[in-house]
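Chains A and B, in that order, give the protein sequences.
Going by this note's numbering, the first sequence opens with residue 19, and the numbers climb by one from there.
Going by this note's numbering, the second sequence opens with residue 19, and the numbers climb by one from there.
The beta carbon of each residue, even a glycine, is placed where N, CA and C say it ideally should be.
If you're wondering where the values come from, they're calculated on a predicted model, not measured in any experiment.
See structure below.
There are 2 protein chains.
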Amino acid sequence: MAVYTKVSAEEIGQFLTRFDVGTLVSAKGIAEGVENSNYLLETTLGKYILTLYEKRVDPADLPFFIALLDHLSERGCLVPPMIADRDGQKIHSLCGRSACLITFLPGVSVSSPTAAQAQATGQALGTMHDALTNFDQERQNSMDHDGWRTLAEQCGPEQLDRIAPGLAKSVAQELDQLDEHWPHDLARSAIHADLFPDNVLMLDDRVTGLIDFYFSCTDIRAYDLAVTHAAWCFSEDGTEFYDDISHALIAGYESTFPLSDAERDALPLLARGAALRFLLTRAYDWINTPADAMVTRKDPQAFLHRLRHYQTHPDIFTS
Amino acid sequence: MAVYTKVSAEEIGQFLTRFDVGTLVSAKGIAEGVENSNYLLETTLGKYILTLYEKRVDPADLPFFIALLDHLSERGCLVPPMIADRDGQKIHSLCGRSACLITFLPGVSVSSPTAAQAQATGQALGTMHDALTNFDQERQNSMDHDGWRTLAEQCGPEQLDRIAPGLAKSVAQELDQLDEHWPHDLARSAIHADLFPDNVLMLDDRVTGLIDFYFSCTDIRAYDLAVTHAAWCFSEDGTEFYDDISHALIAGYESTFPLSDAERDALPLLARGAALRFLLTRAYDWINTPADAMVTRKDPQAFLHRLRHYQTHPDIFTS
């Protein structure tokens, strides 16, 4: 949670002259996400987010993200599209970084979601998937099923076992299971792929925005619901499962975008995949981030607990 | 530049119910200052800053800061007073920290001030000093002239020389000079004591707010102008002096609060003291902050260059 690139008020004021957004009244660096540098701007005409893309976002992916957000926004989904300058440009360069001016959305990210909030989020995810059925741009999921074995190898068995004794073997067995059973005939779509509570803006029980689409990609559509399930239905440390949140999330989703029988049957396995994905990326970051670095390391074991729960309770999606 | 204490949206929403400020619409952790954790809040009624005080601010000093800001605000100075809850309380406890809800002020902090902006800042400082002539609360300056020798000893001669060869001797000589000549008969007052461009909010050439009063204290009043001079009239690395900014700052100050002859005569020495104060505190932080820590270390030599300029150009305040 930090601002990586310092942009002066003079530079921001100059940057805004390319747009029809009024003149700068306030600019605050905000601690949003760990991927980019973000400024919350207020102008004489409104509020905006200025994002400078740091190393984790490939500028070559920005056109996909922009097209996706435009597509969703045009169809009434509450997402923050990038703003075009007077020449129609949405991707800019600022302080040596690719930069976009982005629509500000009200709302806060809840830390302890209620069932009503999970239901609203499920609805919003279903509405988004509905709107994406005719979106045809594609982006490979850099964290997809095919990449998990490589990620595990990059972590290395000794390092995994240092996180939790026996973790390397558990991961290897799960990879074998998923390779054997991973579905290949489910509907694919553009998906958010990272819809944690952090990335949902809410006011009371109402969703006011889905944000942070920088992992969005093309993958099994129901996998997006599985990721959201793994992100929302457990205590942060993964040791407690919340059945009421689980039911509310899925009921909300199905109220706007019903699952097919094949998707519903696949949910237990997709959820195991989602848990393994975050277990592996967190393990990789844990191993490769110094304990005293600027970025707070997230405990991989929170997703090991989730994986164990999905392995031992496949019935949670049907009961 | 970081948020140190994470406060959930639910906790902030609950906290706001103590005040008549509307309900929460948006909350963003902002990277403001290095001292405290700050959130920019938007509610149904307006914008506010929520500050949680980390280790550098002693909660026992908060009543002084609050009284000072109230005094200034009541006299029309553009400063951000703390907001009372329905019971009249301004100091609260949140996530184990002392916390205040603070008035939001528009404006941005400039990085490369113009002479017009320096003049406006001098005016605002003079207006503030005028308003403080009948403010009678006192707080000792923890970084005052009496403390500089101790600070130099805490740094240690070897460590100082590691920052710049010969620095220990230069500091020792300057301390002797200042001890011999430091004025004891100049008017004292509550002062800001840290009025860097970061702490002045502006829109174009107009000051919209003086902020960050957490070093404010009782000291020689003209020393506040000397600190502001050292902060505004040089390039950031201290190697370039801007004569036009210097003249504009002092002319602006005198347009609202004329210096006495004794104060004007003392400015060269007070400015050397100001340069030494920031040289020593930056050296102390440099020595005691790991190079890879979360906080960006500021180069002490930027104020060694300023000190050298003040030593060799005492005429800049009279010519």
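Asked	Found
Where N207 (chain A) falls: helix, strand or coil (DSSP)	The sequence shown places Ser at residue 207 (chain A), rather than the Asn named in the question. The answer is strand: DSSP assigns S207 (chain A) an E or B state.
Chain A contacts made by the region 30-62 of chain B, where a contact means CB separation under 8 Å	I30, G31, L42, V43, S44, A45, K46, G47, I48, A49, E50, L58 and E60
Pair within 8 Å by beta-carbon distance, L58 (chain A) and L123 (chain B)	no
Assumed close pair S44 (chain A), T23 (chain A) - CB separation to whole angstroms, cut-off 8 Å	At roughly 19 Å, the Cβ-Cβ gap does not stay under 8 Å, so S44 (chain A) and T23 (chain A) are not in contact.
Buried/exposed call for N217 (chain B), threshold 16 Cβ in 10 Å	buried
Exposure label - G140 (chain A); buried when at least 16 CB within 10 Å	buried
Three-state secondary structure assigned by DSSP to D237 (chain B)	strand
Same chain only: Cβ atoms within 7 Å of A186 (chain A), ignoring 5 sequence neighbours per side	P175, L178 and D179
Close Cβ partners of R167 (chain B) (< 6 Å) along its chain, the five nearest in sequence each way excluded	L193
Chain A within 8 Å of E28 (chain B), Cβ atoms only	yes
Opposing strand residues paired with Q158 (chain B) [DSSP bridges]	B:T236
Continuous beta strand (DSSP E) stretch holding H110 (chain B): start and end	H110 to L112
Simplified DSSP assignment, three categories, for F33 (chain A)	helix
Where E254 (chain A) falls: helix, strand or coil (DSSP)	coil
DSSP-derived helix/strand/coil call for C95 (chain B)	coil
Terminal residues of the beta strand (DSSP E) in which M220 (chain B) lies	V218 to L221
CB contact flag (S273 (chain A), G144 (chain A), <8 Å)	yes
First and last residue of the uninterrupted beta strand (DSSP E) at G227 (chain A)	R224 to L228
Chain A within 8 Å of P98 (chain B), Cβ atoms only	no
Pairwise C-alpha distance: L298 (chain A) and P276 (chain A)	30 Å
Helix, strand or coil at S44 (chain B) [DSSP, three-state]	strand
Which listed residue (B:K65, B:L80 and B:V39) has its alpha carbon closest to that of A72 (chain B)	Checking the sequence shown, residue 72 (chain B) turns out to be Glu, not Ala. When each option's Cα is compared against that of E72 (chain B), the closest is B:L80.
Touch test, the region 278-291 of chain A against the region 148-155 of chain A, Cβ-Cβ under 8 Å, three pairs minimum	no
Within chain A, the residues that E318 (chain B) reaches when beta carbons sit closer than 8 Å	Correcting the residue type first, residue 318 (chain B) is Pro in the shown sequence and not Glu. Going along chain A, no residue has its Cβ under 8 Å from P318 (chain B), so there is no contact; the nearest lies around 20 Å.
Three-state secondary structure assigned by DSSP to Y71 (chain A)	strand
Check: A45 (chain B) C-beta below 7 Å from any heavy atom of the ligand MN	No copy of the ligand MN occurs in the structure displayed, which carries no ligand at all.
Neighbourhood of I229 (chain B) by C-beta distance below 8 Å, restricted to the same chain and skipping five residues each side	V97, P98, L123, N217, V218 and L219
Proximal residues, the region 283-307 of chain B versus chain A, C-beta separation under 8 Å	none
Selected residue, minimal CA-CA separation from E50 (chain A), among A:L42, A:L63, A:L70 and A:E60	A:L70
At least three beta-carbon pairs within less than 8 Å, the region 232-245 of chain B to the region 291-305 of chain B	yes
Residue-level contact to chain A via CB, L221 (chain B), 8 Å cutoff	yes
Inter-residue spacing [alpha-carbon to alpha-carbon] between I92 (chain A) and R104 (chain A)	Note that residue 92 (chain A) corresponds to Glu in the displayed sequence, not to Ile. Rounded to whole angstroms, E92 (chain A) to R104 (chain A) spans 20 Å at the Cα level.
At least three beta-carbon pairs within less than 8 Å, the region 254-274 of chain A to the region 300-310 of chain A	no
Extent of the continuous beta strand (DSSP E) run through E272 (chain B)	Taken as a continuous stretch (DSSP letters only), E272 (chain B) belongs to no beta strand (DSSP E), being part of the alpha helix (DSSP H) at D261 to T274.
Closer than 9 Å at the beta carbon, the chain B residues around V128 (chain A)	S26, A27 and E28
Of the residues A:C173, A:H89 and A:D317, the one placed nearest T257 (chain A), counting alpha carbons only	A:D317
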